[in-house]
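> Mind looking over this structure? Questions follow.
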Amino acid sequence: EKYNVFRVVCLVLLETRVVLQSTEDYVGLGILLSLIILIVLSFTVFQVYNTVRRIVDYFKRRNYQDLDTKEETCTINRLKAWEHMEVYIIAFVFASWQLGAITAYVIHNFCDLIKNLYQSLSYIGLLESTSASCFAVQASDPTTLGILVGSFMVLFISFLAQAITQFKENQASAEARLTDEGWVVGKK
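Just so it is clear: in the sequence shown, position 173 is 194 by our numbering, and no numbers are missing.
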């Protein structure tokens, strides 16, 4: 069964019914859904803009051969490649949003194990009887958001730098092959 944007949004809403317990959770879900809609619609808007610009240029010039179709094709191919980035961006946002709940669950289980261990050692007589207090602290520090956004930007810039480097290497390799095989006599 194929997924589309609406099915993904419905699945997210169905799965998050259990997790949504506070206003912050609803704000996080709203940001996530807004990000999904923004990313999906941006590709469509760019394609519509490109098509409208092409039609306007056609009617202005009345000569279709004058249009730079190579540049148009490159732009469309780049947009199609960026369209698949939405999966990684949505996964990053969703993982960051759920990290607080997962951490609280893990700490709670860990605290229960420690409490049982202390009670057992106290029962045997190896330790004095004390009350084990475990505190569940939700990360509400504003610097946490700054660190999260900063780390996302570092990862994103690193990805962009690697993609640009790979693009230049591929372009140089293709030019070298074309020159070696005699397809291109000289560079413009």
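Glycine residues also receive a C-beta, built at the ideal position from the N, C-alpha and C atoms.
Keep in mind the model is a prediction, meaning the values are calculated, not measured.
1) Ser141 and Glu149 look like a contact to me (Cβ under 8 Å); what is the Cβ gap, rounded to whole Å?
2) Does Leu147 come out as helix, strand or coil in the three-state DSSP assignment?
3) Under the rule that 16 or more other beta-carbon atoms within 10 Å means buried, what is Ile185, buried or exposed?
4) Report yes if the CB atom of Leu62 is closer than 8 Å to the CB atom of Ile110, and no otherwise.
5) Answer yes or no: do Phe173 and Phe113 have a C-beta to C-beta separation smaller than 8 Å?
6) Measuring only the C-alpha atoms, how far is Ile60 from Gly171?
7) First and last residue of the alpha helix (DSSP H) that includes Gln68?
8) If I measure Cβ to Cβ from Leu35 and keep anything under 7 Å in the same chain, skipping five residues before and after, which residues do I get?
9) Could you check the C-alpha separation between Asp78 and Phe188 for me, to the nearest Å?
10) In this structure, how does DSSP classify Glu202 when only helix, strand and coil are distinguished?
Result, derived from the coordinates:
1) Actually they do not touch by this definition, with Cβ atoms about 14 Å apart.
2) coil
3) exposed
4) no
5) yes
6) Taking the straight line from one Cα to the other gives about 20 Å.
7) Run containing Gln68: Thr44 to Arg82, per the alpha helix (DSSP H) assignment.
8) none
9) Rounded to whole angstroms, Asp78 to Phe188 spans 29 Å at the Cα level.
10) In this structure, Glu202 counts as coil in the three-state DSSP scheme.
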